Amino acid sequence: MLSGRDSPILRRRIADLGIKLFFLGKLEKETACFELMKQAGRHRRSDRLYWR
């Protein structure tokens, strides 16, 4: 989860969903996205994350 916002409600929802990797309050998304990928075990910029 990557969000430019941070709030108690958002943190509660993340906990309810069992999301373990997240950055909140990040306005610069590219760097944060690659850091999340690194933490998730995806180390190359050529790796892709897919979502629906």
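With my numbering applied, the sequence shown covers 20 to 71. No residue lacks a Cβ here, since even glycine has one placed at the ideal position from N, Cα and C. The model shown is predicted, which means the values in this text are computed figures rather than measured ones.
What separation, rounded to the nearest whole angstrom, lies between the Cα atoms of residue i and residue j?
i   : j   : result
S26 : K48 : 18 Å
T50 : K39 : 18 Å
M56 : L29 : 21 Å
L43 : L36 : 15 Å
S22 : K45 : 6 Å
May I ask you to report which of helix, strand or coil DSSP gives residue i?
i   : result
F42 : strand
What does DSSP give as the partner residues of residue i in its beta bridges?
i   : result
S22 : L43
Which first and last residues belong to the alpha helix (DSSP H) in which residue i is found?
i   : result
A34 : P27 to L36
A51 : K48 to Q58
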